[in-house]
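Enquirer:
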Amino acid sequence: MKKKIVLFKKIISNPLFSGSFLMIVGSNFANAINYIYHTLMGRILGPSSYSELAAILSIINLVGIIMVSLGLVVTKFISSAKNEEEIKALIGWFNIKIFYLSLFILLLFLISASFISTFLNLHSNLPVIIMSFVIFITFPTFLLRASLQGLLKFNKLVSTLVLEHFLKLVVGLTLVVLGLSVSGAIFGILISVICAWILSRFFLGKYYSGETRFNLGKTKPIVFYALPVFIQSLSIASLNSTDLVLVKHFFNPHDAGLYAALSTLGKIIFFASGPIVAVMFPMVSQKFSKKEPFINLFSYGLALTLLISFCILWFYYLFPDLAIRVLYGSAYLEASSLVIWFGLYMAIFTLTYFLTNFFLSIGKLKVVIFPLFTALIQIFGIWLFHESLLEVIKVSLAAVFVLLISLLIYFMLEVKGISFNPNAKI
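Here's what the structure looks like:
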């Protein structure tokens, strides 16, 4: 009994556990607001218009590939920084680079607004135009949040997430009720992201000094790290969003709306356990840079991820109708038989996300080749096999299952090197 008590105290005192607990509670509170948002939007807009909103959000997620990859790079180098001055210089240097990048992407989307609207079968260009400005503001917001994550300021990071999702719900819902439909929902996102940027900027305080001078000799490792991280983020975001875009393209609006609802339900698994990765990444990176043991952080994180994923998946297996009815209502019940399939897909996807981020946190960059090939398999698979929504899900499920097996084999072959020598090459 005493041994169990000691073990329990050891687990809860672990920084990963305490940090993960804060991130899980805070992030999932934000996610709960987000799911209320999707539930109400799905009910008010109906399957057809909701599929338009889901398609726009998928485009934002795809562009988020760049944001997430840059965020990981920022988190990695800030968590490994040696002093406050280096942190200030890093943030300032990243800030100016990201501003020019976001400006370029804004102009690109504004020019392409008509084409995107036509491809997604939207009724107007306005949602795409508003989306362009959402992306423009989201880039610097990602930078500030990644900086907070690298500084291990998880409570402040969570606060910005809660604010953003709350405002997205209140402002977006108000505008939709007033009759602005999909455009109103997207404009609500724009307002929420602007406010999240302001709060994140405030939380960084002294670290956001405007200092842009940075030793050019130190930019080389940043560039070399950024490319494989971008490939990983591209692959993960593709696996998480491309299916929605392709379903919107190949299927009628009603079926696309059903699939969007399934996607939202399935991603509960991903978002519920995602905060564990957000905590593990900077902590493992920091320990790795200091040549300190980090395998226990990995073990705790994996156990928590498995536990959360299994619990939600089991609920979907037992109560698929309830899951859909609570979030979307009876209009979406015909998709209830697919809930467990999509849940299984997202559970396996979540595990692969955890593993790839672990390898990146310790500088093992060649691992990105696995999710890249998997993303390509998913795209070509759905393009060729889309007779039904179930067939689309099975293509994605098969792709991520192969990815999981590949990553586990890769890990087992190299586990000794990871455990005992942080500088061992993989």
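According to numbering that gives the first Met the number 0, the residues represented by the sequence shown are 0 to 425, in order. In this text, a Cβ means the ideal position worked out from N, Cα and C, and glycines have one as well.
(1) Helix, strand or coil: which one does DSSP assign to residue 156?
(2) Are the Cβ atoms of residue 262 and residue 373 separated by less than 8 Å?
(3) Looking at the structure shown, is residue 111 part of a helix, part of a strand, or coil, going by DSSP?
(4) For residue 75 versus residue 206, is the C-beta distance shorter than 8 Å?
(5) What are the boundary residues of the alpha helix (DSSP H) that includes residue 348?
(6) So, helix, strand or coil for residue 291, using DSSP?
(7) Can you give me the C-alpha to C-alpha distance between residue 120 and residue 113, rounded to a whole angstrom?
(8) May I have the straight-line CA-CA distance separating residue 97 from residue 188, to the nearest angstrom?
(9) Got a sec, what are the start and stop residues for the alpha helix (DSSP H) residue 201 sits in?
(10) Can you give the Cα-Cα distance for residue 452 and residue 246, rounded to whole angstroms?
(11) Measuring CB to CB, does residue 43 end up less than 8 Å from residue 244?
(12) For the alpha helix (DSSP H) holding residue 374, just list the boundary residues, first then last.
(13) Might you give, ordered along the chain, the residues of its own chain that have their beta carbon closer than 6 Å to the beta carbon of residue 51, omitting 5 neighbours on each side?
(14) What number of angstroms, rounded off, separates the C-alpha of residue 200 from the C-alpha of residue 191?
(15) If we call anything under 8 Å between Cβ atoms a contact, is residue 347 one with residue 283?
(16) Once DSSP output is grouped into helix, strand and coil, what is the label at residue 315?
(17) Between which two residues does the alpha helix (DSSP H) harbouring residue 145 extend?
(18) Secondary structure at residue 328, three-state DSSP: helix, strand or coil?
(19) Going by the beta-carbon positions, is the gap between residue 248 and residue 32 smaller than 8 Å?
(20) Can you tell me whether residue 206 is helix, strand or coil according to DSSP?
(21) What's the C-alpha gap between residue 83 and residue 145?
(22) If we count the other Cβ atoms within 10 Å of its Cβ and call it buried at 16 or more, is residue 135 buried or exposed?
(23) Relative to the C-alpha of residue 315, which candidate in 330, 228, 344 and 368 has its C-alpha closest?
(24) Taking the C-alpha atoms as reference points, what is the distance between residue 421 and residue 68?
(25) With a Cβ-Cβ cutoff of 8 Å, do residue 260 and residue 327 count as a contact?
(26) Using only CA atoms, which one of 332, 304, 139 and 177 lies nearest to residue 65?
(27) Judging by CA-CA distance, which residue of 137, 62, 171 and 28 is the nearest neighbour of residue 94?
(28) Report, in whole angstroms, the separation of the C-beta atoms of residue 333 and residue 403, which I expect to be a contact under 8 Å.
(29) Residue 410 and residue 371 - do their beta-carbons sit closer together than 8 Å?
(30) Determine whether the beta carbon atoms of residue 159 and residue 198 lie at a separation below 8 Å.
(31) Rounded to the nearest angstrom, what separates residue 99 and residue 384 at their Cα positions?
(32) Please identify the residue among 115, 313, 238 and 156 whose C-alpha is closest to the C-alpha of residue 203.
(33) Could you check the C-alpha separation between residue 47 and residue 61 for me, to the nearest Å?
(34) Heavy atom of the ligand SAH less than 7 Å from the Cβ of residue 179, yes or no?
(35) Give the straight-line distance between the Cα atoms of residue 432 and residue 294, rounded to the nearest whole angstrom.
Expert: Answer, in terms of the structure:
(1) Numbered from its first residue, the sequence shown carries residue 156 at position 157. Residue state, collapsed to three classes: helix.
(2) As a working note, residue 262 is residue 263 in the sequence shown. As a working note, residue 373 is residue 374 in the sequence shown. Going by C-beta atoms, residue 262 is not nearer than 8 Å to residue 373.
(3) Your numbering for residue 111 matches position 112 in the sequence shown. It is coil, neither helix nor strand.
(4) For this step, residue 75 is matched to residue 76 along the sequence shown. For this step, residue 206 is matched to residue 207 along the sequence shown. Taking 8 Å as the Cβ cut-off, residue 75 and residue 206 do not qualify as a contacting pair.
(5) In the sequence shown, residue 348 corresponds to position 349, counting from 1. First-last of the alpha helix (DSSP H) with residue 348: 338-360.
(6) For the purposes of this step, residue 291 is taken as the residue at position 292 of the sequence shown. Of the three classes helix, strand and coil, the one that applies to residue 291 here is coil, per DSSP.
(7) Stepping through the sequence shown from its first residue, residue 120 is reached at position 121. Stepping through the sequence shown from its first residue, residue 113 is reached at position 114. Roughly 10 Å separates the two Cα atoms.
(8) Position 98 of the sequence shown, counting from 1, holds the residue named residue 97. Position 189 of the sequence shown, counting from 1, holds the residue named residue 188. Between residue 97 and residue 188, the C-alpha separation is close to 20 Å.
(9) If you number the sequence shown from 1, residue 201 lands on position 202. Counting along the chain, the alpha helix (DSSP H) containing residue 201 begins and ends at 180-203.
(10) This structure gives no information on residue 452, because the portion of the chain shown stretches from 0 to 425.
(11) Along the sequence shown, read from residue 1 onward, the residue named residue 43 stands at position 44. Along the sequence shown, read from residue 1 onward, the residue named residue 244 stands at position 245. Going by C-beta atoms, residue 43 is not nearer than 8 Å to residue 244.
(12) Your numbering for residue 374 matches position 375 in the sequence shown. 368-383 is the extent of the alpha helix (DSSP H) around residue 374.
(13) Reading the sequence shown from its first residue, position 52 is the one you call residue 51. Here the set comprises 121 and 181.
(14) Locating residue 200 in the sequence shown gives position 201, counting from the first residue. Locating residue 191 in the sequence shown gives position 192, counting from the first residue. Roughly 14 Å separates the two Cα atoms.
(15) Locating residue 347 in the sequence shown gives position 348, counting from the first residue. Locating residue 283 in the sequence shown gives position 284, counting from the first residue. Contact flag unset, no.
(16) Here residue 315 refers to the residue found at position 316 when the sequence shown is read from its first residue. Looking at residue 315 - three-state DSSP - the assignment turns out to be helix.
(17) Taking the sequence shown and counting its residues from 1, one reaches residue 145 at position 146. Its alpha helix (DSSP H) spans residues 125-149.
(18) Mapped onto the sequence shown, residue 328 falls at position 329. It is coil, neither helix nor strand.
(19) Working through the sequence shown from its first residue, we reach residue 248 at position 249. Working through the sequence shown from its first residue, we reach residue 32 at position 33. No; because the gap between Cβ atoms is not below 8 Å, this pair is not in contact.
(20) Position 207 of the sequence shown, counted from the start, is the residue given in the question as residue 206. In the structure shown, residue 206 sits in a helix (DSSP, three-state: H, G or I).
(21) For the purposes of this step, residue 83 is identified with residue 84 of the sequence shown, where counting begins at 1. For the purposes of this step, residue 145 is identified with residue 146 of the sequence shown, where counting begins at 1. Using only the alpha carbons, I get a separation of about 16 Å.
(22) As a working note, residue 135 is residue 136 in the sequence shown. It is buried - the Cβ of residue 135 has at least 16 other Cβ atoms within 10 Å.
(23) Numbered from its first residue, the sequence shown carries residue 315 at position 316. Checking every option, the nearest Cα to that of residue 315 belongs to 344.
(24) Within the sequence shown, the letter at position 422 stands for residue 421. Within the sequence shown, the letter at position 69 stands for residue 68. Here residue 421 scores only 46 on pLDDT, less than 50, and its place in the model should not be relied on; the value that follows carries that caveat. Using only the alpha carbons, I get a separation of about 23 Å.
(25) In the sequence shown, residue 260 corresponds to position 261, counting from 1. In the sequence shown, residue 327 corresponds to position 328, counting from 1. The answer is yes: Cβ separation under 8 Å.
(26) Within the sequence shown, numbered from 1, the residue matching residue 65 stands at position 66. Out of 332, 304, 139 and 177, 139 has the C-alpha closest to the C-alpha of residue 65.
(27) Here residue 94 corresponds to residue number 95 of the sequence shown, with the count starting at 1. Out of 137, 62, 171 and 28, 137 has the C-alpha closest to the C-alpha of residue 94.
(28) Position 334 of the sequence shown holds residue 333. Position 404 of the sequence shown holds residue 403. Rounded, the Cβ-Cβ distance is 30 Å, inconsistent with contact.
(29) Translated into positions along the sequence shown, residue 371 becomes position 372. Translated into positions along the sequence shown, residue 410 becomes position 411. No, these two residues do not count as a Cβ contact at 8 Å.
(30) As a working note, residue 159 is residue 160 in the sequence shown. As a working note, residue 198 is residue 199 in the sequence shown. Closer than 8 Å, so yes.
(31) In the sequence shown, residue 99 corresponds to position 100, counting from 1. In the sequence shown, residue 384 corresponds to position 385, counting from 1. Approximately 40 Å between the Cα atoms of the pair.
(32) As a first step, residue 203 must be located in the sequence shown, where it is residue number 204. Minimum Cα distance to residue 203 is reached at 156.
(33) The count along the sequence shown starts at 1 and reaches residue 47 at position 48. The count along the sequence shown starts at 1 and reaches residue 61 at position 62. Approximately 21 Å, taken between the alpha carbons.
(34) Of ligands this structure carries none, so the ligand SAH is not represented either.
(35) Because the chain spans 0 through 425 in this model, residue 432 falls outside it and cannot be assessed.
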